Every structure is written in structure tokens, then in C-alpha cells.
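These notes are about the structure you will find just below.
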Amino acid sequence: MATATARHILVDSEAKCEALKQEIENGADFAEIARKHSSCPSSRQGGDLGSFGRGQMVPEFDRVVFSAPVSQVQGPVKTQFGYHLLEVTSRQD
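Going by numbering that gives the first Met the number 0, the sequence shown opens with residue 0, and the numbers climb by one from there.
This is the structure we're talking about:
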């Protein structure tokens, strides 16, 4: 079974998500941004979601996590929870 580890930042608007992505692309630390801005409880761990398999996350999230390049920030990804920035930290297919 394919598994991945990932971290994310969850915010309530696409504009805020885009702004945070720009900060990260300009050198800001993903984990620090997650701790300061993410509304997900995972923010306490810098957005770290740990390891999970296909189908354990919402479909929009799953599609990105199991197809995006490792270590490259993806998003905004819209789900029922809001807008996410995602970074796959490892994946075993």
C-alpha cells in the first residue's frame, strides 16, 4: 500500500494561502508559518500530519499528496475545511 508523510497549513481564504506560499517560496520556514497561521491542530507540530495511506484524507488532499513531487510546496488546495498548502515530505509507492 502506498503511504506518504506530509505537512500542511490550513487557512480560511485562497488569498491568505497564496500569500503564505509566497513567504515560504521567499525563504520562510514552513513549520514556523504553520505554527503561526494554520487553523489545524497539526499546527502545533509545524503542520506535520505524520504517515498515512491512500484514502485516509479527503479526496482533494489525497490526489495532491500521492502525485506531487516530494519536498515541493503545493497549493492552494481547496477542501471542505478551507485552503491548504501541502508539502509531501516522503512517499513510498
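We treat Cβ as the ideally placed atom computed from N, Cα and C, and that holds for glycine. Since the structure is predicted, the reported quantities are computational estimates derived from the model, not experimental observations.
Going by other Cβ atoms of all chains shown within 10 Å of its Cβ, with 16 needed for buried, is residue i buried or exposed?
i: Lys20; result: buried
i: Ser41; result: buried
i: Ala18; result: exposed
i: Ala67; result: buried
i: Gly54; result: exposed
Which first and last residues belong to the alpha helix (DSSP H) in which residue i is found?
i: Phe29; result: 29-36
Are residue i and residue j touching if we call contact CB-CB under 9 Å?
i: Val76; j: Ser38; result: no
i: Gly46; j: Glu86; result: yes
i: Gln73; j: Val57; result: no
For the beta strand (DSSP E) that residue i lies in, which residues bound it at each end?
i: Gln91; result: 81-91
i: Phe51; result: 47-52
i: Val76; result: 73-78
i: Val64; result: Not the beta strand (DSSP E): Val64 falls in the alpha helix (DSSP H), residues 58-64.
Exercise. Is it a yes or a no for the segment 2-9 touching the segment 77-90, going by three-plus beta-carbon pairs under 8 Å?
Worked result: yes
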